[in-house]
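Asks: Numbering (this note's numbering), first residue to last: 138 to 552.
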C-alpha cells in the first residue's frame, strides 16, 4: 500500500483540508504541536505521534512544536477555565517532552518552541497583522467556544478565546521560517489547525494543508487523557513498562483490532490475519498479546517489552519465578499486589495471614473461609488446610505466588 491507502485502511483519516491524495502527492514539511501541560505525553497523544513517524518513513520532513508559549494559556476545553501555567514548569515539561519525542521517533525531527516568538509579540502589531484576519462571527461558531458561550456558568475569557489566533500565528511562522506546509493533529484540534491554513491563505495568498486522525477513545467512549483521569503515560516513571504492557494486554476484543491498526506498524494484511486467528480462539488473547508487545516495544524498547511480557507470564501464565532476573524480580514486586514477609517470621506466618496482608482477603475469618472453600492456591498448589503455614521451600528466588481465584499476589521474603 502507498501512504494514503495505508492511512485509510487503518482508519487514520478524519478531517483534511484537501483530498489526502493531493496532500500527500509530494513530500511535505509536517508539524505537530504538543501541549506541555505535563512532563510526559500519554496514550492519547501516541496515535498522532506515530502518525508523524509514518509520515517520516514516507520521506516527509518533521517539525515538532512544543507549546512553551501557548502552554502558558491552554486551548479552550469543554468546561471551565484552565489554570495558567508557571513558565518555569512549562519550560521543564517542554524539555521532557522533547526528549520523549526524540526517543520514540528518532533524531530526524526538528524541535521548536513557540515561546521563542510568542513571548516577543507586541500586542498592537499582533492585532493589526494577525487579528484583522479573524472575525468574531467565525470564532464564536466553533463548537467548544459556542457551547461555553451558551452556558452562563462556563463563560469563556478572552485569553482562551484568542488561543486559536496564536495557533494560527504558529503555523504562519513555521510556514515562513521552515517551509512547513502541513499541520497534523487529533480531530479535536481541527478548527484550531484550520486557523493557520486560513491565515496563510488570507495573509500570503498561499496554500497550506491540514490533516487530522480520529480522537482515540476507550471502550466506554472516553478519550484518553489527563482531564479524563484515565491517562496512561509514556514516561516509565509515571506508568511502568509492566503497567503499560498490561493496559494493552487487557483491552477488550471490541477494541483490539482498532488499536492494532492505530498503534502498531504491523501491515494491515497481517492484522487482518491475526484477527481471524483471534476469532477462532479468543481465549488465547493472541491479538492482545501482540498489541501489548508491539506498543510497549515502540515506547519503551524491546528489552523493556520482553521483561514486561515475562513478568506478566509469571503472574498470569506459566513462566517460572526462578527464571526472573534481578531487574525483572524488582519489576514484579513493584507492580503486583503482594506482601513482604521477614525471613525471621517465615515459618510462623500462616497462609491466612498473607491473604489478609496482600489484600486478597478482608479478614482472617474471610481468609479461612476462602481456604476451606478450595479457593486459594500457592504456586499453583491448592491450599487445603485453613491453618497452613508458609515454609522456605515454597519460595523460589525468594518469591511465591498466592492466588484467590484469578486474583494474584506476590509474596516476597524480606532479608
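Idealized CB from N, CA, C, for every residue including glycine. In this text, all values refer to a predicted model and were calculated from it rather than measured experimentally.
So residue 398 and residue 405 are supposed to be a Cβ contact under 8 angstroms. How far apart are they, rounded?
Replies: 7 angstroms between Cβ atoms; contact.
Asks: Considering only residues of the same chain and omitting the five flanking positions on each side of residue 509, which have a CB-CB separation below 6 angstroms?
Replies: Hits under 6 angstroms: 523.
Asks: To the nearest angstrom, how far is it from the Cα of residue 280 to the Cα of residue 297?
Replies: C-alpha separation (whole angstroms): 14 angstroms.
Asks: Can you tell which of 393, 300, 533, 153 has the C-alpha that lies nearest to the C-alpha of residue 457?
Replies: Closest option to residue 457, Cα to Cα, is 533.
Asks: What's the gap between the Cα of residue 500 and the Cα of residue 454?
Replies: Cα-Cα distance, rounded: 28 angstroms.
Asks: Buried or exposed, going by whether 16 or more other CB atoms sit within 10 Å of the CB of residue 181?
Replies: Label assigned to residue 181: buried.
Asks: Pairs of beta-carbons, one from the segment 235–252 and one from the segment 176–195, closer than 8 angstroms: are there three or more?
Replies: The answer is yes - the segment 176–195 touches the segment 235–252, with three or more Cβ pairs under 8 angstroms.
Asks: According to DSSP, is residue 438 part of a helix, a strand, or is it coil?
Replies: Of the three classes helix, strand and coil, the one that applies to residue 438 here is coil, per DSSP.
Asks: Would you call the segment 376–392 in contact with the segment 342–349, where contact means no fewer than 3 C-beta pairs closer than 8 angstroms?
Replies: Contact fails: fewer than three Cβ-Cβ distances are below 8 angstroms.
Asks: What do you reckon, are the CB atoms on residue 442 and residue 465 nearer than 8 angstroms?
Replies: No, Cβ-Cβ distance for residue 442 and residue 465 is not below 8 angstroms.
Asks: Can you give the Cα-Cα distance for residue 486 and residue 519, rounded to whole angstroms?
Replies: Computed Cα separation, rounded: 17 angstroms.
Asks: Counting Cβ pairs closer than 8 angstroms, one from the segment 140–148 and one from the segment 333–340, do we hit at least three?
Replies: Not touching, per the Cβ criterion.
Asks: For the alpha helix (DSSP H) that contains residue 378, what are its first and last residues?
Replies: Its alpha helix (DSSP H) spans residues 378–386.
Asks: For residue 161, which residues from the same chain have a beta carbon less than 6 angstroms from its beta carbon, with the 5 sequence-adjacent residues on both sides left out?
Replies: So the qualifying residues of the chain are 140, 141.
Asks: Counting pairs of Cβ atoms below 8 angstroms between the segment 384–395 and the segment 403–422, do you hit three or more?
Replies: The segment 384–395 vs the segment 403–422: in contact.
Asks: Kindly give me the distance between the Cβ atoms of residue 512 and residue 542, rounded to whole angstroms, as I take these residues to be in contact under 8 angstroms.
Replies: Indeed, because the Cβ distance is near 6 angstroms, the residues count as touching under 8 angstroms.
Asks: Just checking my contact of residue 505 with residue 494 at CB under 8 angstroms: how many whole Å lie between their CB atoms?
Replies: With 8 angstroms as the limit, residue 505 and residue 494 do not qualify as a contact, their Cβ atoms being about 14 angstroms apart.
Asks: Would you say residue 273 and residue 286 are within 8 angstroms of each other, going by their C-beta atoms?
Replies: Their beta carbons are not under 8 angstroms apart, which means residue 273 does not touch residue 286 by this criterion.
Asks: I'd like the ranges of any alpha helix (DSSP H) spanning at least 4 consecutive residues and lying wholly in the segment 202–270.
Replies: Listed in chain order, they are 224–242, 252–255, 260–266.
Asks: The alpha helix (DSSP H) spanning residue 185 covers which residue range?
Replies: First-last of the alpha helix (DSSP H) with residue 185: 180–194.
Asks: Rounded to whole angstroms, what is the Cα-Cα separation between residue 474 and residue 451?
Replies: Whole-angstrom Cα-Cα distance: 13 angstroms.
Asks: Quick check on residue 178: buried or exposed, where buried means 16 or more other Cβ atoms within 10 Å of its Cβ?
Replies: Residue 178 comes out buried.
Asks: Going by CA-CA distance only, name the one from 149, 527, 266, 481 that's closest to residue 340.
Replies: Nearest of 149, 527, 266, 481 to residue 340, Cα basis: 266.
Asks: Under 8 angstroms between the Cβ atoms of residue 248 and residue 201?
Replies: In this structure, residue 201 lies closer than 8 angstroms to residue 248 by Cβ.
Asks: Residue 541 bridges to which residues according to DSSP?
Replies: Residue 541 is bridged to 513, 544.
Asks: Following the continuous alpha helix (DSSP H) through residue 491, name the residue where it begins and the one where it ends.
Replies: Element bounds for residue 491: 488–494.
Asks: To the nearest angstrom, report how far apart residue 310 and residue 230 are at their CA atoms.
Replies: The alpha-carbon atoms of residue 310 and residue 230 are separated by roughly 23 angstroms.
Asks: Cutting at 6 angstroms between CB atoms, please list the residues of its own chain near residue 149, excluding the five before and the five after it.
Replies: Within the same chain, residue 149 has close Cβ partners 350.
Asks: So, at 7 angstroms on beta carbons, what are the nonlocal neighbours of residue 386 in its own chain, with the 5 sequence-adjacent residues on each side left out?
Replies: Here the set comprises 425, 426, 429, 449.
Asks: Determine the direct distance from the alpha carbon of residue 383 to that of residue 432, and round the result to whole angstroms.
Replies: So the alpha carbons of these two residues sit roughly 11 angstroms apart.
Asks: Helix, strand or coil, according to DSSP, for residue 420 in the structure here?
Replies: Three-state result, residue 420: helix.
Asks: Which residue's Cα is closest to the Cα of residue 552: 176, 342, 529, 315?
Replies: Closest option to residue 552, Cα to Cα, is 529.
Asks: Kindly provide the ranges of any alpha helix (DSSP H) runs that are 4 or more residues long and lie completely inside the segment 314–358, ordered along the chain.
Replies: If we require 4 residues or more, the alpha helix (DSSP H) runs fully inside the segment 314–358 come out as 327–341.
Asks: With H, G and I counted as helix, E and B as strand and the rest as coil, what does DSSP make of residue 549?
Replies: Of the three classes helix, strand and coil, the one that applies to residue 549 here is strand, per DSSP.
Asks: If you follow the beta strand (DSSP E) that residue 479 is part of, which residue opens it and which one closes it?
Replies: Note, residue 479: beta strand (DSSP E), 475–479.
Asks: Under three-state DSSP, which class holds residue 138?
Replies: Coil at residue 138, not helix or strand.
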